[in-house]
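Residue numbers (the working numbering): 2 to 233.
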């Protein structure tokens, strides 16, 4: 089943949420001592429609789970276990997603799945936590480690698209610092504080200050837009 377009996603989430609203309204009207057969029947119909829409949203995004799981593990047995775990994350994402924020569900779901996989696979979690922001600088400063943007060094296209979308809310220098420090451009390698400083004509300390401030800004933007980023 192909991924849904943004418009299709919004339609189905609106439909599911409206059906939930209708169900709640009828439930509140129901006389629990003498329930109306008509109301009960209508509630059952609404529940069926909610389940159908939810299943459609899940099925249309199952490929995301498989695609992301392939990047995390090679063993077939562990792979299928991870896919099963990822499917649960996908189901939860359908329940939690707020389409009013204007984000695409497939993007939101990808981050939810990634966040869960980072917890499910200890080795991968450790690798994310020690993501390098330069050849030898990753372990040089505990404050830098705390501010690291925990992104898989082999980010897929969906992940990169999310980061680029968030970067649009930064000013030019902030974008440049983050893009250089974390190698966000295709084929680019993470640069050291000194390399970025030379590029921008500022000191290493100034680059570090801009990075820390910008990462905090990105965290706030991600929260506001319902993006879940592993390690945040």
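Every residue gets a Cβ at the ideal spot worked out from N, C-alpha and C, and that includes glycine.
Item	Value
Hey, out of 114, 28 and 59, whose CA is closest to residue 46's CA?	28
With DSSP collapsed to three states, give me the class of residue 169.	coil
Residue 37 by DSSP, collapsed to three states: which one?	coil
Can you tell me whether residue 29 is helix, strand or coil according to DSSP?	helix
Given residue 24, which residues of its chain have a CB within under 8 Å of its CB, disregarding the five upstream and five downstream residues?	44, 47, 48 and 51
Quick check for students: name the residue ranges of the beta strand (DSSP E) that lie wholly in the stretch 67 to 111, counting only runs of 3 or more.	none
Less than 7 Å between C-beta atoms, sequence neighbours within five positions excluded: which residues of the same chain meet that for residue 197?	178, 181, 182 and 208
Should residue 171 and residue 108 be called a contact, given that it needs their Cβ atoms to be closer than 9 Å?	no
Mind checking whether residue 222 and residue 174 have CB atoms under 9 Å apart?	no
For residue 90, is the classification buried or exposed, using 16 other Cβ atoms within 10 angstroms of its Cβ as the cut-off for buried?	buried
Identify whether residue 44 lies in helix, strand or coil by the three-state DSSP scheme.	helix
Leaving out five residues on either side along the sequence, give the residues of the same chain with a beta carbon under 6 Å from the beta carbon of residue 194.	205, 208 and 209
Roughly how many whole angstroms lie between the Cα atoms of residue 117 and residue 35?	45 Å
Going by C-alpha to C-alpha distance, which of 55, 17 and 167 sits closest to residue 220?	167
Find the nearest neighbour of residue 83 within the set 97, 98 and 67, judged by alpha-carbon distance.	67
Would you report the Cα separation of residue 213 and residue 30, rounded to the nearest angstrom?	53 Å
Need the endpoints of the alpha helix (DSSP H) that residue 197 sits in, please.	194 to 201
What residues in its chain sit with their C-beta under 6 Å from that of residue 233, if we drop five residues either side in the sequence?	Because residue 233 sits at a pLDDT of 39, beneath the cut-off of 50, its placement in the model cannot be relied upon, and the point is left open.
Excluding the five sequence neighbours on either side, which residues of its own chain have a C-beta within less than 7 Å of the C-beta of residue 21, listed in chain order?	51
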